[in-house]
Amino acid sequence: MVMASPTSCCSKPTYRPRAPRRLAWRRAPRRCRLLSSGMDCWLKRVGYPIIDKWYGRHVHSTPFAYHTDTGEGYDPYHVGTSRGVGGTGVLVGDKLYVSRNFTTYKVLATGPIRTVFELTYAPWDAAGRTVTEQKIISLDLGSNLTRYEERIAADKPLPNCTIGLTLHDAKGEVKADRSAGWCRYWEKIDDSYLGTGVVVAPSYLLDYQDHRSSDKDANQLYMVTRPAYGKVVFYAGFGWQKSGQFATAAAWDAYLAEFARRVASPLAVTWQ
Numbered sequence: 001m002v003m004a005s006p007t008s009c010c011s012k013p014t015y016r017p018r019a020p021r022r023l024a025w026r027r028a029p030r031r032c033r034l035l036s037s038g039m040d041c042w043l044k045r046v047g048y049p050i051i052d053k054w055y056g057r058h059v060h061s062t063p064f065a066y067h068t069d070t071g072e073g074y075d076p077y078h079v080g081t082s083r084g085v086g087g088t089g090v091l092v093g094d095k096l097y098v099s100r101n102f103t104t105y106k107v108l109a110t111g112p113i114r115t116v117f118e119l120t121y122a123p124w125d126a127a128g129r130t131v132t133e134q135k136i137i138s139l140d141l142g143s144n145l146t147r148y149e150e151r152i153a154a155d156k157p158l159p160n161c162t163i164g165l166t167l168h169d170a171k172g173e174v175k176a177d178r179s180a181g182w183c184r185y186w187e188k189i190d191d192s193y194l195g196t197g198v199v200v201a202p203s204y205l206l207d208y209q210d211h212r213s214s215d216k217d218a219n220q221l222y223m224v225t226r227p228a229y230g231k232v233v234f235y236a237g238f239g240w241q242k243s244g245q246f247a248t249a250a251a252w253d254a255y256l257a258e259f260a261r262r263v264a265s266p267l268a269v270t271w272q
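Structure follows, in structure tokens:
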């Protein structure tokens with residue numbers, strides 16, 4: 001996550017060829033990274049860009065130095081084969097089918113208040129269905145949540161598009177408001193707390209599941225959605241206690257609840 005001043009600008013997404021198909025982006029107040037098809041997050045608490053600096057130190061000085069907090073923040077978040085913060089898949093029975101790494105990316109827009117880019121994935125299998133997938137990811141300055149426009153189709157009818165939120169070892173606190181369209185996880189990581197969350201318009205939502213398993217990286221919250229015309233729009237992101245934004249789980253809940261209220265009742269502009 002990025003902690004930065006409200007006027008901080010955003011760079012366009014950064015592609016890292018040394019790491020297979022990894023894309024990183026930042027937008028105050030967060031910093032994110034895409035690992036395979038799971039969504040990672042780097043926790044950041046300074047108001048200046050760190051992507052190039054942290055990767056540069058990793059490549060030229062101290063490998064994986066970004067896993068240690070030296071005052072700017074760090075990357076303690078584990079994704080593995082989970083969905084991380086808002087990765088997607090198709091849920092069939094008790095099994096979640098997911099894509100692999102993205103194959104191409106394209107920057108659609110970049111500016112001082114919004115950055116938009118597109119990811120395309122190779123066709124993948126979901127219980128005998130050949131799935132095609134594309135994501136359009138939008139980041140707005142000052143928001144803790146990233147907008148995802150998931151475009152998904154298959155050669156056979158798809159039962160759902162499922163959005164995941166990892167629970168790691170499931171020792172944190174889960175909360176959800178299905179009628180409002182949001183869920184979250186509040187967990188302790190080292191000496192601080194991290195809140196993660198997903199928001200989706202209730203019109204998309206089919207089911208909410210708290211999925212627990214003894215398998216590695218399989219404890220997850222699922223927001224099971226029905227795409228409309230091959231598309232579902234949702235928001236996912238996080239807030240780090242050490243950034244100074246969210247001191248308690250209640251503060252994170254209030255942020256998500258208000259965000260969900262605005263998603264469910266979008267601004268309408270009329271003129272005469």
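Everything in the sequence shown is counted per our numbering, starting at 1 for the first residue and increasing by one. Just so you know, even glycine gets a beta-carbon here, dropped at the ideal spot from N, CA and C.
Exposed unless 16 or more other CB atoms sit within 10 angstroms - verdict on Pro-63: exposed
Bridge partners - Gln-220, DSSP secondary structure assignment: Thr-166 and His-211
For Arg-184 and Trp-240, believed in contact at Cβ under 8 Å, the rounded distance: Between Arg-184 and Trp-240 the Cβ distance is about 14 Å, and since that is not below 8 Å, they are no contact.
Three-state secondary structure assigned by DSSP to Asp-253: helix
Coil, strand or helix - Trp-240 by DSSP: strand
Assigned exposure category for Lys-242 - 16 Cβ within 10 Å defines buried: buried
Distance CB(Asn-144)-CB(Phe-234) smaller than 8 Å: no
Residue range of the unbroken alpha helix (DSSP H) whose run includes Trp-271: From DSSP, Trp-271 is part of no alpha helix (DSSP H); its letter is neither H nor E.
Trp-182 vs Ala-260 beta-carbon contact at 8 Å: yes
Residue from Asn-101, Ala-154 and Gly-93 with nearest C-alpha to Asp-125: Ala-154
Segment contact, 8 Å Cβ cut-off, at least three pairs: the segment 165-176 with the segment 136-143: no
Continuous alpha helix (DSSP H) stretch holding Ile-152: start and end: Run containing Ile-152: none in the alpha helix (DSSP H); it sits in the beta strand (DSSP E), 145-154.
Of the residues Gly-84, Gln-272 and Lys-44, the one placed nearest Asn-219, counting alpha carbons only: Gly-84
Close Cβ partners of Leu-206 (< 8 Å) along its chain, the five nearest in sequence each way excluded: Asn-160, Val-224, Thr-225 and Arg-226
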